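For what it's worth, our numbering labels the leading residue of the sequence shown as 1, then goes sequentially.
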Amino acid sequence: MKVNIILFNALTQLDLTGPFEVLARVPGVQVELVGKSLEPVRSDRGLTLVPTTTIANAPPCDLLVVPGGPGTDDAILDAEWVGFTRRQAKSAKYIFGICTGSLLLGAAGLLRGRRSTCHWQ
1 MKVNIILFNA
11 LTQLDLTGPF
21 EVLARVPGVQ
31 VELVGKSLEP
41 VRSDRGLTLV
51 PTTTIANAPP
61 CDLLVVPGGP
71 GTDDAILDAE
81 WVGFTRRQAK
91 SAKYIFGICT
101 GSLLLGAAGL
111 LRGRRSTCHW
121 Q
């Protein structure tokens, strides 16, 4: 199973590392941390995270994970992140939006006509 986890500035670290720790322990699961570039990204509390691939090079995935955090406010207005999320969703069997990550799913049009739970914002 291939998993892509989106990595944008000011994400909440737990929204990324919680799913990463669980998924990376499953035999046969390959997890990629997808950034706009390979430059390190800082979480909302200053933890430095390093992407393993980029938007341009990310493979199609079976599971797309979209973390939340204050950086979601910028990500939902970023055409690269919205477009990437929409493209990845075409091949993904499963899509997880964690906390405010669901707002990026909404910005990509992936929640239209669907029932979902989301952050209170």
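Think of the CB as a built atom: it goes at the ideal place given N, C-alpha and C, for glycine as much as any other residue.
Computed from a predicted model, the values in this text were never measured in an experiment.
Which residues DSSP lists as bridging isoleucine 6, in chain order:
Within the sequence shown, residue 6 is the residue found at index 6, counting from 1. DSSP lists Val34 as partners of isoleucine 6.
Burial state of leucine 77 (16 or more Cβ within 10 Å)
Start at 1 with the first residue of the sequence shown, and residue 77 comes out as number 77. The residue is exposed, with fewer than 16 neighbouring Cβ atoms inside 10 Å.
Check whether the region 31-40 touches the region 4-17, taking contact to mean three or more Cβ pairs, one atom from each stretch, closer than 8 Å.
yes
Please determine, among Leu63, Ala107, Arg112, the residue with the shortest C-alpha to C-alpha distance to glycine 83.
Locating residue 83 in the sequence shown gives position 83, counting from the first residue. Selected option, being the one with the closest Cα: Ala107.
Three-state secondary structure assigned by DSSP to arginine 45:
Your numbering for residue 45 matches position 45 in the sequence shown. Note: arginine 45 maps to coil in three-state DSSP.
By DSSP's criteria, threonine 100 is part of a beta bridge. Which residues make up the other side?
Working through the sequence shown from its first residue, we reach residue 100 at position 100. DSSP lists no partner for threonine 100.
Distance, Cα to Cα, glutamate 21 vs lysine 2?
In the sequence shown, counting from the first residue as 1, residue 21 sits at position 21. In the sequence shown, counting from the first residue as 1, residue 2 sits at position 2. If I take the Cα positions, the gap works out to 15 Å.
Could you check whether leucine 16 and proline 67 sit closer than 8 Å to each other, using their CB atoms as the reference points?
Residue numbering aside, residue 67 sits at position 67 when the sequence shown is read from its first letter. Residue numbering aside, residue 16 sits at position 16 when the sequence shown is read from its first letter. Their beta carbons are under 8 Å apart, which means proline 67 touches leucine 16 by this criterion.
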